[in-house]
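The structure under discussion appears below in the form of structure tokens.
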Amino acid sequence: MNVLLLGSGGREHALAWKLAQSPGLDTLYAAPGNPGIAAHATCVPLAATDHAAVIAFARDHAIGLVVIGPEAPLVDGLADSLRAAGIPVFGPSKAAAQLEGSKGFTKDLCARANIPTAGYLRVSSLEAAATALDTTFGLPVVIKADGLAAGKGVTIAFTKDEARAALADLFSVSGAEVVIEEFLDGEEASLFVLTDGTALLPFGSAQDHKRVGDGDTGPNTGGMGAYSPARVLTPELEALAIDTIVRPTVDTLREEGTPFSGVLYAGLMLTAQGPKLIEYNARFGDPECQVLMTRLDGDLLGVMLAVAQGRLAEHPAPTFSPEPALTVVMAAAGYPGTPKSGGGIDNLAAAEATGATVFQAGTRMDGDRLVASGGRVLAVTARGASVADAQAAAYRAVDAITFPDGFCRRDIGWREVERERG
């Protein structure tokens, strides 16, 4: 089977790497891809925003499955266009992708389906937000942009001044809507579930590290590293989250005529009252995808096709290695502000010789030299007998890479490493 993968990040490199191992794959195409993805796929200059061009390419190249990596094409309705053209696609419709595209949509769905989540208020003006701050919410309080924000549209405000500054920033955009939420206390974990709109198949857990600096300091980013599995999400808590959060979500969307097909990524807060939903994403996480794919022992193409064809209930559950995996993101200087572009990157082969896998994100070729082209540049990923072992292996590989304009956190996985050490 020929497959078209859309995207160019570290998540898509991990998906390409795993799809290339599938026995049912004939040719893998990626659009636009990156230099790392090019080792596994034929990269083509195709814009996901041009639905007609994607459909034409799929028809011309006998594509049996289109895999949409990032969130923007999903929220833009690309999966709908492909389905209307009779082309199988892994990824939800525009309507179902509103789970990620609109925080307010998701909070309202939680209210309708009695899904445990933080108390909230949707506001569309600075004046209404200021009133809510003074009358409804205590401190700390969570301020979220309603729409897509690349993982960076959230502020946890510990003072009224911080909250007002965050609101003023968000409302500086015309037509903005903001969701104000109560602060949930607990530990975060990410749960991934495949669904064809009816059947559910748990697909691993992870814990991300959003803050740019060691010790979870500094501004939020798209993610500076992750490990899997998130053992804090015990089998009992995972089953509870599926029963009280994921299943009601999938059932409600289907009953309301907008079934969700693809991977549902639930960001959870594990509170004293049980798991509560922080937010949904309508695609694999980045960098969580890198650790999930590193642990996945099964056939990725087969299970994605089962989702796309609505026969997930017939598909065997995927198997994951019991060994933890951990990924460290190497970012360009200046990230998450204005990252420095064009910095040279060397010795990836030496890093992979340690047994790690280096997934590329913001990279491009400058002649025959690999250089940085974005904020998050590499995701250096390793497995180990424990999270501490995987962490040590990942940092050995990081230290083998020459990237003078890059930086990384040195404490990815710290919570679980501390638990392992007792």
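So the sequence shown is numbered by UniProt numbering: it starts at 1 and just counts up by one.
For glycine and all other residues, C-beta sits at the position ideal for the given N, C-alpha and C.
It should be emphasised that the depicted structure is a prediction, and the values quoted were computed from it without experimental measurement.
Let me know if M365 comes out buried or exposed under the rule of 16 or more other beta-carbons within 10 Å of its beta-carbon. Result: exposed.
Just how far apart, CA to CA, sit G147 and T27? Rounded to whole angstroms, the gap between the alpha carbons of G147 and T27 is 35 angstroms.
Start and end residues, beta strand (DSSP E) containing I143: It spans V141 to A145 - the beta strand (DSSP E) in which I143 sits, taken as one unbroken run.
Let's see if you can read the secondary structure: which residues bound the beta strand (DSSP E) around I87? Element bounds for I87: n/a, residue is neither H nor E.
Which stretch, first to last residue, makes up the beta strand (DSSP E) that contains K210? Counting along the chain, no beta strand (DSSP E) covers K210, and no H or E run does either.
Closest residue to K18 among E352, Q290 and V380 (Cα-Cα distance): Among E352, Q290 and V380, the Cα nearest to that of K18 is on Q290.
Just curious, the alpha helix (DSSP H) that A95 is in, first and last residue? Looking at the DSSP string, A95 is not in any alpha helix (DSSP H), and its letter there is neither H nor E.
When you compare the CB positions of A331 and G375, do they come within less than 8 angstroms of one another, or not? Yes.
Going by the CB atoms, is the gap between Q98 and L105 shorter than 8 angstroms? Note on residue identity: the sequence assigns Phe, not Leu, to residue 105. With contacts defined by Cβ atoms closer than 8 angstroms, F105 and Q98 form a contacting pair.
So, for D299: in the same chain, excluding its five sequence neighbours on each side, which residues have a beta-carbon less than 6 angstroms away from its beta-carbon? Cβ neighbours of D299 beyond the five flanking positions: S22.
Cβ separation of G225 and P287, assumed to be a contact under 8 angstroms, to the nearest whole Å: About 6 angstroms; that satisfies the 8 angstroms criterion.
Other residues of its chain near L170: CB distance less than 6 angstroms, five sequence neighbours each side excluded: If we look at L170 and ignore the five residues flanking it on each side, its Cβ neighbours are A145, A176 and V178.
Hey, would you say Y120 sits closer than 8 angstroms to I55, going by beta carbons? In this structure, I55 does not lie closer than 8 angstroms to Y120 by Cβ.
Contact check, I87 vs V66, beta carbons under 8 angstroms: The answer is yes: Cβ separation under 8 angstroms.
Rounded C-alpha distance that separates P235 from P229: C-alpha of P235 to C-alpha of P229: approximately 11 angstroms in a straight line.
Do A393 and T354 have their beta-carbon atoms positioned less than 8 angstroms apart in this structure? It is a contact, given that the beta carbons lie within the stated cut-off.
Taking the beta carbon of R59 as the centre, do at least 16 other beta carbons fall within 10 Å, making it buried, or is it exposed? Exposed: under 16 other Cβ atoms inside 10 Å.
Put K160 into one of helix, strand or coil per three-state DSSP. Secondary structure of K160 (DSSP, three-state): helix.
Give me the Cα-Cα distance between T258 and G197, rounded to the nearest whole angstrom. About 9 angstroms.
Distance, Cα to Cα, K94 vs P70? Straight-line Cα distance between these residues: approximately 13 angstroms.
Could you check whether the region 251 to 267 touches the region 156 to 168, counting it as contact only if at least three pairs of C-beta atoms, one from each stretch, sit closer than 8 angstroms? By the C-beta criterion, the region 251 to 267 is judged not to be in contact with the region 156 to 168, since fewer than 3 inter-stretch pairs fall below 8 angstroms.
Exposed unless 16 or more other CB atoms sit within 10 angstroms - verdict on D80: Flag for D80 reads buried.
Quick check: M269 and E323, are their CB atoms within less than 8 angstroms of each other? No; because the gap between Cβ atoms is not below 8 angstroms, this pair is not in contact.
Three CB pairs or more closer than 8 angstroms across the region 385 to 400 and the region 341 to 354: Taking 8 angstroms as the limit for Cβ pairs, the verdict is that the region 341 to 354 does touch the region 385 to 400.
Enumerate in chain order the residues of its own chain whose CB-to-CB distance from L194 is below 7 angstroms, with the five nearest sequence positions on each side excluded. Only L201, F203, V263, V303, V307 and L312 meet the Cβ criterion.
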